[in-house]
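Undergrad:
Protein chains: 2
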Amino acid sequence: MAEYVERQVKKVDVWKLKTYVCKVKPIDIFTGKNIIVLNKTEAQEHDIYSGYRTELRHDNKSAVVIVDVSEEIVEPGEVGVFRDLATWHKLKKGDSVEIVHMDRPESIGYIKKKLDKGMLTDKEIHTIVNEIMQDKLSEIETSAWIVGAYINGLSDDEIIALAHATVESGDQLNLGKHPIVDKHCIGGVAGNRTTMVMVPIIAAAGLYIPKTSSRSITSASGTADTMEVLSNVIFSIDELRSIVLKAKGAIVWGGGMRLAPVDDKLIRVRHPLSLDPEGMLLASILGKKKSVGAENIIIDIPVGRGVKVPYVERGNELAKHFIRIGERMGMRIEALITDGAEPVGNGVGPALECIDVLEVLQGRGPDDLRHKSLLMSGKLLELSGRVEKGKGYGVAEGLVASGKAMAKFTEIIELQGGNPKVKVSDIGIGSCTHTVTSEVAGSIFHIDNKTMSKLARIAGAPRDKGAGVLVHRIRGDRVEIGDKMFTLFAESEAKLDFAIKALKDLEPIEMRKMLLGEVK
Amino acid sequence: MAEYVERQVKKVDVWKLKTYVCKVKPIDIFTGKNIIVLNKTEAQEHDIYSGYRTELRHDNKSAVVIVDVSEEIVEPGEVGVFRDLATWHKLKKGDSVEIVHMDRPESIGYIKKKLDKGMLTDKEIHTIVNEIMQDKLSEIETSAWIVGAYINGLSDDEIIALAHATVESGDQLNLGKHPIVDKHCIGGVAGNRTTMVMVPIIAAAGLYIPKTSSRSITSASGTADTMEVLSNVIFSIDELRSIVLKAKGAIVWGGGMRLAPVDDKLIRVRHPLSLDPEGMLLASILGKKKSVGAENIIIDIPVGRGVKVPYVERGNELAKHFIRIGERMGMRIEALITDGAEPVGNGVGPALECIDVLEVLQGRGPDDLRHKSLLMSGKLLELSGRVEKGKGYGVAEGLVASGKAMAKFTEIIELQGGNPKVKVSDIGIGSCTHTVTSEVAGSIFHIDNKTMSKLARIAGAPRDKGAGVLVHRIRGDRVEIGDKMFTLFAESEAKLDFAIKALKDLEPIEMRKMLLGEVK
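In order, the protein sequences belong to chains A and B. Sequential numbering from 132 applies to the first sequence in my numbering. Sequential numbering from 132 applies to the second sequence in my numbering.
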């Protein structure tokens with residue numbers, strides 16, 4: 132009869148036994164990644180090749196690094212350290228560091244589970260977020276995580292776990308027991324600067340709105356780029372806290388502080404494929420709102436040709452999803468499905484958008500931007516219980532008419548280091564201009580957000596604050612031959628020329644026509 | 132009444148208008164990628180940032196490159212060129228090159244289509260393969276393609292398109308009108324060197340078998356690593372052709388020539404996640420077989436604990452898929468489901484495996500390797516019509532017994548630049564050894580492929596040809612306390628120590644036990 136033997140099997144990665152010591156040789160190149168250069172022969176001896184990740188240990192600190200190899204630039208016993216890493220980890224010439232074979236990241240198994248249609252636990256999702264924050268996952272692995280979430284979806288439980296992990300990946304704003312509200316737009320609409328109108332109105336109404344905004348990635352300007360025309364936007368979380376405790380509102384760049392920082396790492400990978408898995412979008416947005424302590428939130432979901440959500444029914448589904456997840460995270464959400472089929476406001480580009488905002492806050496300016504901002508402000512005042520149902524719009528309108536909103540805006544500008552006496556005539560716009568007129572008579576069928584953004588970008592926006600496009604028309608307008616359609620603004624003739632050249636292959640404004648396509 | 136205007140809308144990427152000229156400054160670092168360094172300020176002026184891909188043009192040639200930026204290492208007007216790129220494109224100090232904004236790769240839309248569960252056309256799949264070959268896709272995008280194929284699957288039409296595109300991505304072997312056969316194992320079994328036994332038998336029987344093999348990625352040795360103990364394995368496609376036209380058989384490294392090279396690019400991305408989408412596996416294997424002109428092919432599908440295919444039913448499905456796709460590509464396939472639950476042969480590691488192969492070809496050696504190799508050889512002889520059904524095994528056995536297979540092997544070794552008089556005693560094995568004996572009495576329940584490979588690798592294999600593990604037992608053996616189980620071989624005491632240390636946490640041989648797990 133056989134004997135039965137029981138043994139405890141321990142699982143460890145034996146590679147971590149392998150480690151070796153090198154002296155730092157700084158290399159003055161900025162790579163944007165944690166990269167080291169090892170001597171090729173010596174690295175091979177330790178089973179390390181180009182592209183491998185290893186751990187680099189120094190003074191009880193540890194960093195995950197990607198390996199390059201060279202025969203000439205580093206001798207055996209040396210490690211070439213690029214500038215980013217040397218700065219971040221205070222490494223200098225001759226420092227001794229340990230090169231350690233890295234354990235396989237735990238997350239890889241969980242990502243694989245999602246690819247195989249499994250449901251991840253709270254702990255598994257936290258591990259993925261933590262390992263992304265520690266740079267333990269490569270772009271290949273992070274891409275797989277995003278694609279897995281895109282194709283197989285995330286359950287509500289997974290989204291909530293991801294949102295909480297997103298919050299925990301960074302710092303949190305603590306404003307104490309004040310009523311905190313927020314707003315968010317899922318994006319895609321050119322010139323849509325409602326935030327800069329809403330924040331002063333809401334703060335003037337007595338609610339706290341610590342608004343963190345983004346810079347443009349592919350559009351002509353983000354809210355942070357536009358606000359930067361009037362004041363600083365880069366603040367620490369403590370500085371943001373101090374501004375909001377004084378003015379009740381602020382409009383700052385979210386990337387300047389560590390609020391939900393895992394999101395910035397994911398965007399870099401999501402961007403090339405334009406992948407926005409719904410679950411990740413929700414976790415990212417609501418994680419950021421949770422990080423600033425918001426309790427009542429308005430979500431703007433623009434719908435239409437060329438934006439993220441193509442039709443209203445899809446917008447309604449997304450809206451309900453926001454509300455459901457928000458509720459489980461302790462936040463009250465109202466989502467507004469808005470017309471996203473053309474730019475909002477006249478200007479596209481930082482300075483031109485600023486002018487629209489200042490005009491609206493002084494009771495003038497483009498109708499669409501004014502109406503949309505008042506509507507959203509009113510809904511937020513009602514949602515938070517500050518104003519009774521049905522009266523929000525009127526209260527918001529009153530705060531503009533009385534000058535209180537504009538006064539609040541100048542207070543915020545001053546606290547953020549800008550000039551509180553700024554007037555529309557102070558805003559510098561590009562001196563090189565080109566106006567496009569209609570070559571035909573007819574009615575305007577479509578004004579394209581993406582094309583207008585692209586033109587503004589080619590003209591220099593958002594880096595050239597005065598560059599952009601001023602749109603003279605709205606959808607449905609009747610125009611005659613020679614009527615002004617839009618004007619390009621640039622800060623140099625060369626950039627204006629680029630934009631004019633680009634016009635040849637673009638159709639930013641389409642006239643009404645019967646034949647929309649031909650299928651053969 | 133409105134006027135209806137029809138206009139043709141042209142879609143072009145305006146970014147390609149942007150281009151600038153720089154002088155080459157060589158940087159002596161090997162990165163394994165096409166990387167350039169641009170002056171940070173100058174790059175920003177052109178809307179180019181760290182991590183962007185651009186096109187680099189020189190002398191009417193063009194390369195896709197990834198951008199790093201630096202303020203100090205390159206002045207405005209200079210471009211730092213890393214060693215790989217400088218070598219590949221013959222760039223030297225002071226050469227003028229153009230930096231051009233790159234068009235968005237066409238493939239991205241097709242990859243997105245696959246993520247959205249669409250079916251790709253032949254042309255779309257060819258475009259993806261071409262753009263991967265041109266380095267136009269980043270690792271993020273390539274990872275998305277692989278994950279999309281993994282989750283949503285590839286249809287038979289897509290697999291066939293991918294296989295043909297794989298063939299067209301490289302060179303093809305043209306042997307004329309000879310009867311060409313091949314074999315392939317989907318892998319995972321340690322020591323499984325059937326190829327080196329089969330090729331001489333098949334060639335001795337008069338069929339042409341131009342076998343291209345791989346090197347190890349994570350295992351202890353690939354067939355190419357093991358064959359390299361006896362001869363060269365790196366040949367051009369013309370050299371392979373000349374060897375096979377003389378000896379009818381060859382055993383060379385596939386990576387040494389441009390046969391189905393897109394596959395090597397995909398493996399780098401598939402490897403970190405261990406993702407083997409079935410459709411890609413089939414396209415890769417059958418693309419390679421088509422590239423050498425094979426008409427009759429045996430596929431070895433090992434099944435069992437710890438290999439890719441866990442149970443027989445799954446093996447049968449995969450086998451049928453191979454046969455179906457092969458048939459539509461004009462190749463006759465027979466797939467054998469084999470026992471993959473433990474190593475085949477005694478040795479694991481290049482030199483030890485060579486000894487097994489030489490012994491088997493001389494009528495001795497391990498039973499399992501001999502039997503499996505004869506069985507597969509016999510099936511291949513029958514499939515190709517060279518031998519009538521049921522007589523293949525006997526013919527293969529006869530070719531070994533008569534010494535004809537061994538004579539053919541020495542002919543191949545000589546043509547590949549090795550010593551045709553090589554004897555088992557000539558094979559250098561590691562002089563540092565450590566034998567593990569049983570601590571208990573009982574019967575052997577499991578010998579783990581992955582753990583044996585890992586031990587051999589820690590001991591130095593495959594780079595140290597003499598390193599590895601010699602397994603003295605097979606599954607089911609009855610052992611007493613103190614009986615020899617396996618011996619570790621290394622070429623240095625340090626590496627042997629590593630392997631011995633690793634043993635503490637590994638269980639390469641498991642004894643029979645009742646309790647296999649405990650779920651609480």
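Quick reminder that beta carbons are idealized off the backbone N, C-alpha and C, glycines included.
Output the distance between the C-alpha atoms of B:Lys539 and B:Leu397, rounded to the nearest integer angstrom.
TA: Indexing the second sequence from 1 puts residue 539 of chain B at position 408. Indexing the second sequence from 1 puts residue 397 of chain B at position 266. Looking at the two C-alpha atoms, the distance is approximately 35 Å.
Undergrad: Between B:Arg188 and the rest of its own chain, which residues show a CB-CB distance below 7 Å, the 5 nearest in sequence each way excluded?
TA: The count along the second sequence starts at 1 and reaches residue 188 of chain B at position 57. Answer for B:Arg188: Val228, Glu229 and Val231, listed in chain order.
Undergrad: Step through the CB atoms of chain A and report whether any lies within less than 7 Å of the CB of B:Ser274.
TA: What you label residue 274 of chain B is simply residue 143 of the second sequence in a count that begins at 1. Yes, B:Ser274 counts as interfacial toward chain A.
Undergrad: Just confirm the distance between the C-beta atoms of A:Met460 and A:Ala280, as a whole number of angstroms; I'd bet it's less than 8 Å.
TA: Here the question's residue 460 of chain A lines up with position 329 in the first sequence. Here the question's residue 280 of chain A lines up with position 149 in the first sequence. That pair is no contact at about 18 Å.
Undergrad: Is the number of C-beta pairs between the stretch 325 to 345 of chain A and the stretch 487 to 501 of chain A that are closer than 8 Å three or more?
TA: Enough Cβ pairs lie closer than 8 Å, so yes.
Undergrad: Are A:Gly548 and A:Ser345 close, meaning C-beta to C-beta below 7 Å?
TA: In the first sequence, the residue the question calls residue 548 of chain A occupies position 417. In the first sequence, the residue the question calls residue 345 of chain A occupies position 214. Contact flag unset, no.
Undergrad: I'd like the span of the beta strand (DSSP E) that includes A:Ala381, first residue to last.
TA: Stepping through the first sequence from its first residue, residue 381 of chain A is reached at position 250. Counting along the chain, the beta strand (DSSP E) containing A:Ala381 begins and ends at Gly380 to Trp384.
Undergrad: Assuming the contact rule is C-beta atoms closer than 8 Å, A:Leu268 and A:Ser238 should be a hit. Round their C-beta distance to whole Å, please.
TA: Position 137 of the first sequence, counted from the first residue, corresponds to residue 268 of chain A. Position 107 of the first sequence, counted from the first residue, corresponds to residue 238 of chain A. Contact holds; Cβ gap of about 6 Å.
Undergrad: When the Cα of B:Ser533 is compared with those of B:Leu514, B:Gln493 and B:Leu505, which residue comes out closest?
TA: As a position in the second sequence, residue 533 of chain B is number 402, starting the count at 1. Answer by Cα proximity: B:Gln493.
Undergrad: If the criterion is Cβ atoms closer than 7 Å, does the pair B:Gly471 and B:Val360 meet it?
TA: In the second sequence, residue 471 of chain B corresponds to position 340, counting from 1. In the second sequence, residue 360 of chain B corresponds to position 229, counting from 1. It is not a contact, given that the beta carbons lie outside the stated cut-off.
Undergrad: Along chain A, in chain order, which residues have C-beta atoms closer than 7 Å to that of B:Ser269?
TA: Mapped onto the second sequence, residue 269 of chain B falls at position 138. In chain order: Pro403.
Undergrad: DSSP state of A:Glu229, grouped into three classes?
TA: Residue numbering aside, residue 229 of chain A sits at position 98 when the first sequence is read from its first letter. Of the three classes helix, strand and coil, the one that applies to A:Glu229 here is strand, per DSSP.
Undergrad: Scan the stretch 470 to 516 of chain B and note each continuous alpha helix (DSSP H) run of 4 residues or more that stays entirely inside, going in chain order.
TA: If we require 4 residues or more, the alpha helix (DSSP H) runs fully inside the stretch 470 to 516 of chain B come out as 481 to 492 and 498 to 514.
Undergrad: Please classify A:Val488: is it buried, with 16 or more other beta-carbons within 10 angstroms of its beta-carbon, or exposed?
TA: The count along the first sequence starts at 1 and reaches residue 488 of chain A at position 357. Under this definition A:Val488 is a buried residue.
Undergrad: Are the Cβ atoms of A:Gly386 and A:Val298 separated by less than 7 Å?
TA: Start at 1 with the first residue of the first sequence, and residue 386 of chain A comes out as number 255. Start at 1 with the first residue of the first sequence, and residue 298 of chain A comes out as number 167. Not a contact, by the Cβ cut-off of 7 Å.
Undergrad: Suppose you measure from the CA of B:Lys254 to the CA of B:Gly301; what does that come to, to the nearest Å?
TA: Walking along the second sequence from the start, residue 254 of chain B turns up at place 123. Walking along the second sequence from the start, residue 301 of chain B turns up at place 170. C-alpha separation (whole angstroms): 17 Å.
Undergrad: Does the contact criterion of 3 or more C-beta pairs under 8 Å hold for the stretch 377 to 392 of chain A versus the stretch 211 to 218 of chain B?
TA: Counting Cβ pairs under 8 Å, fewer than three are found: no touch.
Undergrad: Could you work out which residues of chain B lie near A:Lys243, taking near to mean beta carbons separated by less than 7 Å?
TA: The residue labelled residue 243 of chain A in the question sits at position 112 within the first sequence. Here the neighbours are Leu404.
Undergrad: Kindly list the residues whose CB is nearer than 8 Å to the CB of B:Glu513, restricted to its own chain and excluding five residues on each side of it in sequence; keep chain order.
TA: Working through the second sequence from its first residue, we reach residue 513 of chain B at position 382. Same-chain partners within the cutoff: Glu519, Lys520, Gly521, Lys522 and Gly523.
Undergrad: Does any residue of chain B have a CB that is nearer than 7 Å to the CB of A:Thr150?
TA: Locating residue 150 of chain A in the first sequence gives position 19, counting from the first residue. No, A:Thr150 does not count as interfacial toward chain B.
Undergrad: Taking a cut of 7 Å between CB atoms, which residues from the stretch 155 to 169 of chain A lie near chain B?
TA: The residues in question are Asp159, Ile160, Phe161, Thr162, Gly163 and Val168.
Undergrad: Check distances from the C-beta atoms of the stretch 548 to 580 of chain A to those of chain B and list, in chain order, the residues that come in under 7 Å.
TA: Within the stretch 548 to 580 of chain A, the residues whose Cβ lies closer than 7 Å to some Cβ of chain B are Val571, Ala572, Gly573 and Ser574, listed in chain order.
Undergrad: Determine the DSSP secondary structure at B:Tyr339, reduced to helix, strand or coil.
TA: Stepping through the second sequence from its first residue, residue 339 of chain B is reached at position 208. In this structure, B:Tyr339 counts as strand in the three-state DSSP scheme.
Undergrad: Use the C-beta contact count for A:Val196: other C-beta atoms within 10 angstroms, 16 or more gives buried, fewer gives exposed.
TA: Taking the first sequence and counting its residues from 1, one reaches residue 196 of chain A at position 65. Buried.
Undergrad: Along the stretch 193 to 226 of chain B, where does the CB come closer than 8 Å to a CB of chain A? Name the residues.
TA: Listed by position, the residues of the stretch 193 to 226 of chain B near chain A (Cβ gap below 8 Å) are Asp199, Val200, Ser201, Glu202, Glu203, Ile204, Gly211 and Arg214.
Undergrad: Where does A:Val610 fall in DSSP's three states?
TA: Start at 1 with the first residue of the first sequence, and residue 610 of chain A comes out as number 479. In this structure, A:Val610 counts as strand in the three-state DSSP scheme.
Undergrad: With a cut-off of 8 Å, do at least 3 Cβ pairs link the stretch 558 to 577 of chain B to the stretch 503 to 510 of chain B?
TA: Cβ pair count under 8 Å is below three, so no.
Undergrad: Considering only their Cβ atoms, is the gap separating A:Ile259 from A:Tyr241 smaller than 7 Å?
TA: Indexing the first sequence from 1 puts residue 241 of chain A at position 110. Indexing the first sequence from 1 puts residue 259 of chain A at position 128. It is a contact, given that the beta carbons lie within the stated cut-off.
Undergrad: Could you tell me whether the stretch 584 to 602 of chain A touches the stretch 474 to 488 of chain A, where touching means 3 or more Cβ pairs closer than 8 Å?
TA: The stretch 584 to 602 of chain A, when compared against the stretch 474 to 488 of chain A, does touch it at the 8 Å Cβ threshold.
Undergrad: So, does the CB of A:Ile398 fall closer than 7 Å to a CB anywhere in chain B?
TA: Locating residue 398 of chain A in the first sequence gives position 267, where the first residue counts as 1. No, A:Ile398 lies away from the interface with chain B (no Cβ there is under 7 Å from its Cβ).
Undergrad: So with Cβ pairs under 7 Å, would you call A:Leu449 a contact of chain B?
TA: Numbered from its first residue, the first sequence carries residue 449 of chain A at position 318. No, no contact with chain B.
Undergrad: Determine the direct distance from the alpha carbon of B:Gly322 to that of B:Glu638, and round the result to whole angstroms.
TA: Position 507 of the second sequence, counting from 1, holds the residue named residue 638 of chain B. Position 191 of the second sequence, counting from 1, holds the residue named residue 322 of chain B. Whole-angstrom Cα-Cα distance: 18 Å.
Undergrad: Let me check one thing: in DSSP terms, what residues is A:Pro194 bridge-paired to?
TA: Taking the first residue of the first sequence as position 1, residue 194 of chain A is located at position 63. The sequence as given places Ala at residue 194 of chain A; Pro does not occur at that position. DSSP lists A:Leu187 as partners of A:Ala194.
Undergrad: Within 7 Å of any Cβ in chain A, is that where the Cβ of B:Leu506 sits?
TA: Sequence index remark: in the second sequence, residue 506 of chain B carries index 375 (1-based). Answer no: the Cβ-Cβ gap between B:Leu506 and chain A never drops below 7 Å.
Undergrad: What's the gap between the Cα of A:Asn427 and the Cα of A:Ile271?
TA: Position 296 of the first sequence, counting from 1, holds the residue named residue 427 of chain A. Position 140 of the first sequence, counting from 1, holds the residue named residue 271 of chain A. Distance between the alpha carbons of A:Asn427 and A:Ile271 is about 37 Å.
Undergrad: Express the C-alpha separation of A:Asp579 and A:Val650 in angstroms, rounding to a whole number.
TA: Along the first sequence, read from residue 1 onward, the residue named residue 650 of chain A stands at position 519. Along the first sequence, read from residue 1 onward, the residue named residue 579 of chain A stands at position 448. So the two alpha carbons sit approximately 23 Å from each other.
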